[in-house]
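Each residue of the sequence shown is one higher than the one before, counting from 9 in the numbering used here.
Quick reminder that beta carbons are idealized off the backbone N, C-alpha and C, glycines included.
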Amino acid sequence: MKNIWKIIRNDFRNISTNVVAVVLVIGLCVLPSLYAWFNIFSNWDPYLEDATSNLKIAVFSKDAGITVGRLNLCIGNSITDALSQNATIGWIFPDDERTAVNGVYDGSCYAALVIPENFTESIAGITEGNLEGGTISYYENEKKNAIATKITSKAKSTVETQVNRTVFSTITEILSKIGDSLQNIEEQNEIRSTMAAKLENIEKDISHYAASLTAAGHAADSAKDSATTLNKLSQKMVSDLQDDLSLLSSGTFTLTGLQTANIRLADYADVLETGSSSLAQSKKLLKDLQGMIQKAKKEILGTEDSEQLQNMLSILKNQPEKIGAYFSSPVELKTVPVYDTDNYGSAMAPFYSVLAIWVGSLILVAIIHLKVHPLEQDKPFKVYEEFFGRYFIFFLIGQIQTMICVFGNLFFLEIQCQHPFLFWFASAVSSFVFTLLIYALVFVFGNVGEALAVVIMVIQVAGTGGTFPKEVLPAVYQNVYQFLPFPYCMTALRECVAGMYKNDYWIALGKLMIFAAASLAVGLLLKKPFAGLNERIERSKEKSDLMV
9 MKNIWKIIRN
19 DFRNISTNVV
29 AVVLVIGLCV
39 LPSLYAWFNI
49 FSNWDPYLED
59 ATSNLKIAVF
69 SKDAGITVGR
79 LNLCIGNSIT
89 DALSQNATIG
99 WIFPDDERTA
109 VNGVYDGSCY
119 AALVIPENFT
129 ESIAGITEGN
139 LEGGTISYYE
149 NEKKNAIATK
159 ITSKAKSTVE
169 TQVNRTVFST
179 ITEILSKIGD
189 SLQNIEEQNE
199 IRSTMAAKLE
209 NIEKDISHYA
219 ASLTAAGHAA
229 DSAKDSATTL
239 NKLSQKMVSD
249 LQDDLSLLSS
259 GTFTLTGLQT
269 ANIRLADYAD
279 VLETGSSSLA
289 QSKKLLKDLQ
299 GMIQKAKKEI
309 LGTEDSEQLQ
319 NMLSILKNQP
329 EKIGAYFSSP
339 VELKTVPVYD
349 TDNYGSAMAP
359 FYSVLAIWVG
369 SLILVAIIHL
379 KVHPLEQDKP
389 FKVYEEFFGR
399 YFIFFLIGQI
409 QTMICVFGNL
419 FFLEIQCQHP
429 FLFWFASAVS
439 SFVFTLLIYA
449 LVFVFGNVGE
459 ALAVVIMVIQ
469 VAGTGGTFPK
479 EVLPAVYQNV
489 YQFLPFPYCM
499 TALRECVAGM
509 YKNDYWIALG
519 KLMIFAAASL
529 AVGLLLKKPF
539 AGLNERIERS
549 KEKSDLMV
């Protein structure tokens, strides 16, 4: 332990008495933070409207439109008008199709939309049974930028939504102009109400005179008077019903019961007028007539429109854009944020912070020598003394690097962080593990250890879920994911940024410490077995006169 402190004191004395060494140490402390800050800031919010509005997408419509009655329709123009009011993307509207498409090829635009000449005609074909619909050509430059095409896909979704809404609005507008049935519905409702009321009165009169006929069965004279009265009533009924049927026929409804009743009333009136009917026959005729009138009344009332239908017809006639908006998006998806993050930069901060800490540790082993030379009049140091004595300067500089990086994230960039202290603590533990792991590799394997540290970093950048979910990565990365330290560091930091879930934070740090234990084992146990190999590698490097 005494020799460990001697090495530590000697390292501090050597640095503090050398101006160049001090400047280098300061640079080593700040450089990794710059790496994290620049990357976090560049990814701060690329999906914000202010950013995506700089992506140029050309839109050109050749749509000739159609005429329905006195209505001129052009869905293509409606789409371009709507997109011109949309600030999500930098929509531009060239004068011709060639300019729009060439803009995609020469890179001045990321994509282009071309609406064909028969677009409205194709859409309106639904009213004639043609369900093929219309097609819009979408040109996309996938060479210019890999991520830009993913952002412009958001624009494609915007266009699809706008087109669907416009199309449905147009279709409902066309339907509202076809036929006169929608215009006459209120008139027909009034006719039906009048007819129902009259039939109600007639039905009551028939019931009254049916009772009279029953009573008339006991006296012939009385029957004669009742038949005479019934004859007059029937004639009036026939006249009224025939007038009302003529009125109702001007609408769009067919009432079979009432038409049959009209025919039969005429027949019954003839019978009653000739006086050839007996009382029994008259009673039977009245009963049949009453049944037909009840059937006619049911048909009339059955054709009355419900309140919901009336509302729908009103919307079709007066507000086609509302029905279009409904059918284009009949279901609204309500997003409930879980562990909500303010911006993309805050979401990426754990990855770039962890990566910066690793890069800082890697730079340390490239700048600072690991070999400890014996002090004057001292015996050679033991392996563990040399290991811990020199490691202290790596640990200390690594912690300073981490503190600068964390403070910059929190107070300069102002990332979202619900648990600032735990964010620093997880970063400090990550720095300890990284410096120890890289230090152990280089301590044992020399330059080969540095190369191993670079390889491990590259694998972790590509395959630990820092940018893309590990589930979408190739199988080889998914298999090695759990054997690398990055995932556990990022898990702990994400818990601090977006919110804690049970003990995930401490579990991640606990798993991270396993790598620290493995690093100690590598550094302390493998130094002597690989000492001979490292010496031969060093001699070969010296002979080359090229390698450091």
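By a C-beta neighbour count over all protein chains shown, 10 Å radius and 16 as the cutoff for buried, is residue i buried or exposed?
i: W13; result: exposed
i: V463; result: exposed
i: F49; result: exposed
i: N487; result: exposed
i: N417; result: buried
i: V362; result: buried
i: S548; result: exposed
i: T75; result: exposed
i: Q468; result: buried
i: A2; result: The shown model of the chain, from 9 to 556, leaves out residue 2, and the question about it has no answer.
i: S24; result: exposed
i: R20; result: Residue 20 is actually Phe in this sequence, not Arg. Exposed is the call here.
i: V450; result: buried
i: G518; result: exposed
i: E422; result: exposed
i: A235; result: With a pLDDT of only 49 at A235, under the threshold of 50, the placement of this residue in the model should not be trusted; the figure read from the coordinates follows. The residue is buried, with at least 16 neighbouring Cβ atoms inside 10 Å.
i: F419; result: exposed
i: N511; result: exposed
i: R8; result: Residue 8 is absent from the structure shown; the chain starts at 9 and stops at 556.
i: I155; result: exposed
i: F101; result: exposed
i: T143; result: exposed
i: A108; result: buried
i: V112; result: buried
i: L341; result: exposed
i: F415; result: exposed
i: T343; result: exposed
What residue range does the beta strand (DSSP E) around residue i cover?
i: S24; result: Taken as a continuous stretch (DSSP letters only), S24 belongs to no beta strand (DSSP E), being part of the alpha helix (DSSP H) at K10 to S24.
i: E394; result: Where E394 is concerned, there is no enclosing beta strand (DSSP E), although the alpha helix (DSSP H) it sits in stretches over V391 to F415.
i: I97; result: No beta strand (DSSP E) holds I97; DSSP gives it neither H nor E.
Quick check on this structure: which residue in the options has the alpha carbon closest to the alpha carbon of residue i?
i: L39; options: I155, M411 and G507; result: M411
i: A72; options: N126, S50 and G35; result: N126
i: A526; options: I545, Y447 and G540; result: Y447
i: G115; options: K151, D53, Y392 and Y513; result: K151
i: I408; options: N153, W99 and S369; result: S369
i: I34; options: W432, N11, I375 and A119; result: I375
i: A355; options: N85, I15, A44 and F395; result: A44
i: F433; options: F538, K158, V28 and P358; result: P358
i: F440; options: I522, S41, K510 and L378; result: I522
i: D89; options: G518, S435 and V171; result: V171
i: M9; options: F389, L81 and V112; result: F389
i: K535; options: Y496, A59 and Y392; result: Y392
i: Q426; options: Q490, M508, W366 and P495; result: M508
i: I366; options: L460, V346, L533 and F396; result: The sequence as given places Trp at residue 366; Ile does not occur at that position. When each option's Cα is compared against that of W366, the closest is L460.
i: L32; options: K64, L79 and I405; result: I405
i: A119; options: V452, G540, K158 and F429; result: K158
i: D474; options: N542, Y513, L501 and I545; result: Position check: residue 474 holds Gly in this sequence, whereas Asp was assumed. Taking only the C-alpha atoms, the option nearest G474 is L501.
Specify, as a first and last residue, the run of the alpha helix (DSSP H) that residue i falls within.
i: A357; result: Y352 to I375
i: W514; result: D512 to L533
i: W432; result: P428 to F453
i: Y485; result: A483 to V488
i: G84; result: I83 to S92
i: V112; result: E105 to Y113
i: V339; result: First-last for V339: undefined, no H or E at that position.
i: F127; result: F127 to A132
i: L56; result: That residue, L56, is in no alpha helix (DSSP H); it is neither H nor E in DSSP.
i: E503; result: F494 to A506
List the residues that DSSP assigns as beta-bridge partners of residue i.
i: W45; result: Per DSSP, none; premise fails for W45.
i: A154; result: Bridge partners of A154: none, in fact.
i: N80; result: T75
i: I123; result: S69
i: Q148; result: Per the sequence shown, residue 148 should be read as Glu rather than Gln. Answer is A119, bridged to E148.
i: K64; result: G98
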